[in-house]
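full-length UniProt numbering puts the first residue of the sequence shown at 1, with every later residue one more than the last. Okay, structure first, notes after.
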Amino acid sequence: MILEESPHDLIFSALPAVWDEGIPLGNGMVGALVWEKEGKLRLSLDRVDLWDLRPMENADTRVNNYKWVYDQWKKDDYKPVQDRYDAPYNRSPAPSKIPGAALEFDVSSLGEVESVHLNLETAICKVSWKSGVRFYAFVHAEDPVGWYRFEGLEGEISSELIPPAYNLAGISGEESPVTGQDLRRLEYPEGVSIRASTRRN
C-alpha cells in the first residue's frame, strides 16, 4: 500500500510510549490509539457508549439546584454541598466510563521502528520498521468498524485481545474522581484474553 504524505500529517520516528500520546483513529463512536506498551504494538480500542450507569446515591435528590448551593456558600458552610455532591462520587464506582479492550502484537522480532505516520487525508496510520515490515490501521469515518494490516512479514507474530483490567492483584488505591477510579471498584468478573497469530501475507 502506498501512503503519500499530505499537508499537516503527523510523522514520528518512534511509537508513542504512553497511551495519552497514542496516534488517534476514530469517528466519534469508535476509536483506537496506536502506541507501544512493554515492547508490544498496542491498539487501545474504545466506544463512546461504554458506560456503567448503575444508580448512585443522591442522584435523585429534590435539592438539586444552584440556589441551594449558593445559599450554603453564602452561609460560609460549604460542607453540606461537598457531602451531597462530592462524597458520593468518591464512594461509588458509578457513573463511570468503561474502557474498551486492547489489541496487542508482539513486534519484538521486527526490529527498530523507522517511522510512524498518520495521514490526515486518508486517516490511515502507518508504522514502518527498518526491517521493511509495515503496519496499517484505519477506523471508518461513519461505520463502527476498523481494520489493520501487516505487510512484509517473513514469519508469524503473536497477537492478543486483552480485556480491561477489572481484576488486578492487590488493593485498589485510587479514590479520586478527577484522576479516575480503579476499575476493580466496578466488581466485574475477570475478562478472558484471546491469543492468535498473524501470518506472512
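Beta carbons: idealized from backbone N, C-alpha and C, even for Gly.
message: According to DSSP, Leu41 sits in a beta bridge with which residue or residues?
response: Leu41 pairs with Glu36 and Phe105.
query: Does DSSP classify Ala87 as helix, strand or coil?
result: Reduced to three states, the DSSP call for Ala87 is helix.
- prompt: How long is the line joining the alpha carbons of Phe12 and Asp86, rounded to whole angstroms?
  reply: C-alpha separation (whole angstroms): 41 Å.
- prompt: In angstroms, rounded to a whole number, what distance separates the CA positions of Ala102 and Ser44?
  reply: Roughly 4 Å between the two C-alpha positions.
message: Please tell me whether Glu156 and Ser128 are closer than 8 Å, where the distance is taken between their beta carbons.
response: Not a contact, by the Cβ cut-off of 8 Å.
- prompt: Can you list, in chain order, the residues of its chain whose CB lies under 7 Å from that of Leu110, leaving out five sequence neighbours each side?
  reply: Counting only Cβ-Cβ distances below 7 Å, and skipping sequence neighbours, we find Trp129, Ser131 and Val133.
query: Hey, is the region 89 to 108 in contact with the region 62 to 72, meaning 3+ C-beta pairs nearer than 8 Å?
result: As far as the Cβ criterion goes, the region 89 to 108 does not touch the region 62 to 72, which means the pair count is below three.
message: Just to confirm, is the Cβ distance from Asn167 to Ser6 under 8 Å?
response: In this structure, Ser6 does not lie closer than 8 Å to Asn167 by Cβ.
task: May I ask which residues mark the beginning and end of the beta strand (DSSP E) holding Tyr78?
output: Counting along the chain, Tyr78 falls outside any beta strand (DSSP E), and DSSP gives it neither H nor E.
task: Please report the residue range of the beta strand (DSSP E) in which Trp147 lies.
output: Judged by DSSP secondary structure, Trp147 falls within the beta strand (DSSP E) whose first and last residues are Gly146 to Glu151.
task: Determine which residues share a DSSP beta bridge with Thr198 and list them.
output: Per DSSP, Ile157.
task: Could you check how far apart the C-beta atoms of Ala17 and Leu25 are, in whole angstroms? I think they sit under 8 Å.
output: Wrong, their Cβ atoms sit about 18 Å apart, outside the cutoff.
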